[in-house]
Amino acid sequence: MATHNPVELMPYDPQWPQAFQRIRDRLLALLPQALSIDHIGSTSILGMTAKPLIDIDIVLPGLEHIEDATRRLLAEGYEPRGNRYDDEVWAFLSRGSVPAERVYLCPSGNGTHRNRLAFRDYLIAHPLAAADYAALKRRLAAEFRMDGDGYTAQKREFVDAIVARALARDG
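Note that this note's numbering numbers the sequence shown so that position 12 is 12, with each residue one more than the last.
Following this line, the structure appears as structure tokens:
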């Protein structure tokens, strides 16, 4: 399904880590039960071309904490985006902030969260793989300019291969 907002990438912004820290501090005060609040996605990788959107995983002690955390995020103006991949991860978007924030609530031990950290950490440790990913993103952003879902879907094979490599090293 094509979106109506263009896929916009921009060069790495050195302010993204500081923006994450401010957001993290605010979220930790809002959700003190969080076990971790992790900067994920392309803005967490030094030098990576990215959408100007800070992606954040909030790990909660268990599924029973999702409902309360959801209520708190909604009260702060986050827009619910659902559990799109049936992976026990609930997404929320804050359009009013600059940069925009996409927050995910994850129960402890969640595989999606583990894979996101593995992907991020692998690209940080392997600059050539990160450069390949940046080139792929630029090509796909041009090809799927008005189709964010298509853009994301076409990155899947690359992402899965990197996650498999990263987890094989840890295993």
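Every residue, glycine too, gets a C-beta built ideally from N, C-alpha and C.
- For Asp55, DSSP records a beta bridge to Ile40, Arg102.
- Every unbroken stretch of the alpha helix (DSSP H) spanning 4 or more residues and falling wholly within the region 117 to 154 is given here in chain order: 127 to 143.
- Between Phe144 and Val7, the beta carbon gap of about 6 Å places them in contact (Cβ cut-off 8 Å).
- Rounded to the nearest angstrom, the Cβ distance from Ile56 to Ile40 is 7 Å, consistent with a contact under 8 Å.
- Within the same chain, and ignoring the five residues on either side of Ser42 in sequence, the residues whose Cβ sits closer than 6 Å to its Cβ are Met48, Ala50.
- Bounds of the alpha helix (DSSP H) holding Pro17 are 16 to 30.
- Proximity to Asp13 across Asn83, Leu53, Thr112 peaks at Leu53, based on C-alpha coordinates.
- With a 10 Å radius around the Cβ and a threshold of 16 neighbouring Cβ atoms, Glu64 comes out exposed.
- Between Val89 and Ala118, the gap from beta carbon to beta carbon reaches 9 Å or more.
- Just so you know, the alpha carbons of Ser108 and Asn83 end up roughly 16 Å apart.
- Distance check between Thr112 and each of Gln18, Asp38, Gln21, Ala19 places Asp38 closest, using alpha-carbon atoms only.
- Counting the other CB atoms within 10 Å of its CB gives Gly148 a total of 16 or more, which places it among the buried residues.
- Only buried fits Asn115, as 16 or more other CB atoms lie within 10 angstroms of its CB.
- The three-state secondary structure of Gly82, taken from DSSP, is strand.
- Inter-segment contact for the region 84 to 103 and the region 121 to 139 is absent: fewer than three beta-carbon pairs are separated by less than 8 Å.
- DSSP places Ala91 within a strand segment (E or B) once states are collapsed to three.
- Taking 9 Å as the cut-off, the Cβ atoms of Ala19 and Leu27 do not count as close.
- If you ignore the 5 residues before and after Phe158, its C-beta comes within less than 8 Å of the C-beta of Asp132, Tyr133, Leu136, all in its own chain and listed in chain order.
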